[in-house]
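Engineer: One structure, pasted below without further comment.
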Amino acid sequence: MTGELRQRYADRPYDPIHLPPERVFAPGSVAWTGVAYTADATPVGHAALRWHGCDLELKRMYVAPAHRGRGIADQLLDAAREAAGQLGAGRIVLQTGDRQPDAVRRYERAGYRPIAVFPPYDALPYSRCFALVIQPGTRRKAPVPV
Numbered sequence: 001m002t003g004e005l006r007q008r009y010a011d012r013p014y015d016p017i018h019l020p021p022e023r024v025f026a027p028g029s030v031a032w033t034g035v036a037y038t039a040d041a042t043p044v045g046h047a048a049l050r051w052h053g054c055d056l057e058l059k060r061m062y063v064a065p066a067h068r069g070r071g072i073a074d075q076l077l078d079a080a081r082e083a084a085g086q087l088g089a090g091r092i093v094l095q096t097g098d099r100q101p102d103a104v105r106r107y108e109r110a111g112y113r114p115i116a117v118f119p120p121y122d123a124l125p126y127s128r129c130f131a132l133v134i135q136p137g138t139r140r141k142a143p144v145p146v
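Take the sequence shown: its position 113, counted from the start at 1, is 113 in the UniProt record's numbering, and no numbers get skipped.
Below, the structure is given as structure tokens:
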């Protein structure tokens, strides 16, 4: 995941604003983790939700390149939405970069809408943020086996 992102942003100068990992994804803040597996138990995707104030923030959403285009990202987003509803959150927020149009399209198709860049990402150039309003305890659709 990190290597793929470094390649996408390789031509940009190093950003002197570096956020400490605990400000971006402190392990103690994780409320839910989802992992997608193939039939032979190979992990091929993951996502996490962490508390960010009264919202849940989608973090580390990733599907291995060889498994993209098979609906795995949709399944992870659906599972995150269901988990957020069960946890009682009113919305899920997320941050992505301006050179991730594939991610932006996926989030928009899933119902996420652009919002103002929120802390701590307001210190990072090129951030794009989105939110999905959810109904607690609701589920968009049943998961499909991978």
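Beta carbons are placed, not taken as given, at the ideal position from N, Cα and C, and that holds for glycine.
#1: Does the region 61–68 touch the region 82–93, meaning 3 or more C-beta pairs lie closer than 8 Å?
#2: As a quick exercise: from Gly-69, Gly-45 and Trp-32, pick the residue whose alpha carbon is nearest that of Trp-51.
#3: Pull up the DSSP beta-bridge partners for His-46, would you.
#4: Mapping DSSP to helix, strand and coil, what is Val-30?
#5: Run through DSSP, which three-state label would Leu-132 get?
#6: For Val-133, which residues in the same chain have their Cβ closer than 6 Å to its Cβ, ignoring the five residues on either side in sequence?
#7: Between which two residues does the beta strand (DSSP E) holding Gly-97 run?
#8: By alpha-carbon positions, which one of Ala-131, Ala-48, Val-117 and Pro-125 ends up nearest to Gln-75?
#9: How big is the Cα-Cα spacing for Tyr-126 and Ala-79?
#10: Can you tell me the Cα-Cα spacing of Ala-89 and Val-44, whole angstroms?
Structural biologist: So, from the data block:
#1: no
#2: Trp-32
#3: DSSP output for His-46 lists Val-35 and Tyr-62 as bridge partner(s).
#4: strand
#5: strand
#6: Arg-91
#7: 91–97
#8: Ala-48
#9: C-alpha separation (whole angstroms): 28 Å.
#10: Looking at the backbone, the Cα of Ala-89 and that of Val-44 are separated by about 27 Å.
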